[in-house]
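Below is one structure, written out as C-alpha coordinates; the observations come after it.
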Amino acid sequence: MRTEKEMISMYRQIEAHLVLSGKTKREVADALGISYNTLLLKLKGSSCFTLDEAIKLQTLLEAPEPIEELFDRTALVS
(Lines of atoms letter the chains of each structure in order from A; the text may use other names.)
(Lines give C-alpha, C1' and ligand atoms only; values in the text may rest on other atoms or scores of the structure.)
Protein backbone atom coordinates (compact mmCIF):
# COMPACT_ATOMS: atom_id res chain seq x y z
CA MET A 448 0.00 0.00 0.00
CA ARG A 449 1.22 3.48 -0.85
CA THR A 450 2.10 5.93 1.87
CA GLU A 451 0.46 9.35 2.01
CA LYS A 452 3.71 10.96 0.85
CA GLU A 453 3.85 8.69 -2.20
CA MET A 454 0.27 9.57 -3.15
CA ILE A 455 0.93 13.29 -2.73
CA SER A 456 4.10 13.02 -4.83
CA MET A 457 2.31 11.31 -7.70
CA TYR A 458 -0.54 13.79 -7.56
CA ARG A 459 1.80 16.80 -7.56
CA GLN A 460 3.71 15.64 -10.63
CA ILE A 461 0.54 15.07 -12.63
CA GLU A 462 -1.08 18.22 -11.20
CA ALA A 463 1.91 20.31 -12.33
CA HIS A 464 1.56 18.98 -15.85
CA LEU A 465 -2.19 19.61 -15.77
CA VAL A 466 -1.59 23.25 -14.86
CA LEU A 467 1.09 23.66 -17.52
CA SER A 468 -1.12 22.08 -20.17
CA GLY A 469 -4.08 24.33 -19.36
CA LYS A 470 -6.40 21.31 -19.48
CA THR A 471 -9.01 20.63 -16.84
CA LYS A 472 -9.35 17.31 -15.04
CA ARG A 473 -12.71 16.84 -16.76
CA GLU A 474 -11.09 17.28 -20.17
CA VAL A 475 -8.37 14.80 -19.25
CA ALA A 476 -10.91 12.28 -17.95
CA ASP A 477 -12.89 12.56 -21.20
CA ALA A 478 -9.74 12.14 -23.28
CA LEU A 479 -8.79 9.04 -21.27
CA GLY A 480 -12.30 7.62 -21.63
CA ILE A 481 -12.88 7.47 -17.87
CA SER A 482 -15.20 9.33 -15.55
CA TYR A 483 -14.11 12.42 -13.68
CA ASN A 484 -14.51 10.58 -10.35
CA THR A 485 -12.36 7.70 -11.59
CA LEU A 486 -9.64 10.15 -12.60
CA LEU A 487 -9.73 11.70 -9.14
CA LEU A 488 -9.38 8.26 -7.54
CA LYS A 489 -6.41 7.49 -9.77
CA LEU A 490 -4.75 10.83 -9.02
CA LYS A 491 -5.16 10.20 -5.28
CA GLY A 492 -3.62 6.74 -5.63
CA SER A 493 -6.82 4.90 -4.65
CA SER A 494 -6.86 3.25 -8.07
CA CYS A 495 -4.07 2.59 -10.56
CA PHE A 496 -3.67 3.93 -14.06
CA THR A 497 -3.51 1.31 -16.78
CA LEU A 498 -0.50 1.39 -19.09
CA ASP A 499 -2.70 2.69 -21.92
CA GLU A 500 -4.04 5.47 -19.67
CA ALA A 501 -0.52 6.40 -18.56
CA ILE A 502 0.68 6.64 -22.17
CA LYS A 503 -2.36 8.71 -23.16
CA LEU A 504 -1.91 10.96 -20.12
CA GLN A 505 1.77 11.54 -20.88
CA THR A 506 0.93 12.44 -24.48
CA LEU A 507 -2.09 14.55 -23.58
CA LEU A 508 -0.17 16.57 -21.00
CA GLU A 509 2.90 16.76 -23.25
CA ALA A 510 5.04 15.57 -20.34
CA PRO A 511 8.65 15.46 -21.54
CA GLU A 512 9.84 12.90 -19.00
CA PRO A 513 9.41 9.15 -19.54
CA ILE A 514 6.38 7.47 -17.98
CA GLU A 515 8.68 5.83 -15.43
CA GLU A 516 9.63 9.27 -14.10
CA LEU A 517 6.17 10.78 -14.41
CA PHE A 518 4.73 7.99 -12.25
CA ASP A 519 7.82 7.47 -10.07
CA ARG A 520 6.68 6.52 -6.57
CA THR A 521 10.14 6.78 -5.03
CA ALA A 522 10.48 10.56 -5.51
CA LEU A 523 8.90 11.59 -2.25
CA VAL A 524 8.03 15.11 -1.26
CA SER A 525 9.81 16.11 1.94
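So the sequence shown is numbered by this note's numbering: it starts at 448 and just counts up by one. Note that CB positions come from ideal geometry on N, CA and C, so glycine has one too.
Asked: Which of helix, strand or coil DSSP assigns to K470; Found: coil
Asked: Buried versus exposed, by CB contacts within 10 Å (16 or more), L508; Found: buried
Asked: Neighbourhood of S482 by C-beta, 7 Å cutoff - its chain only, sequence neighbours within 5 removed; Found: A476
Asked: 6 Å Cβ shell around I514 - same chain, five flanking residues per side excluded; Found: A501, Q505
Asked: Heavy atom of the ligand GTP within 8 Å of A510 beta-carbon; Found: Because no ligand of any kind appears in the structure shown, any question about the ligand GTP cannot be addressed here.
Asked: Alpha-carbon to alpha-carbon, L479 and K503; Found: 7 Å
Asked: Limits of the alpha helix (DSSP H) - the one that E500 falls within; Found: 498-507
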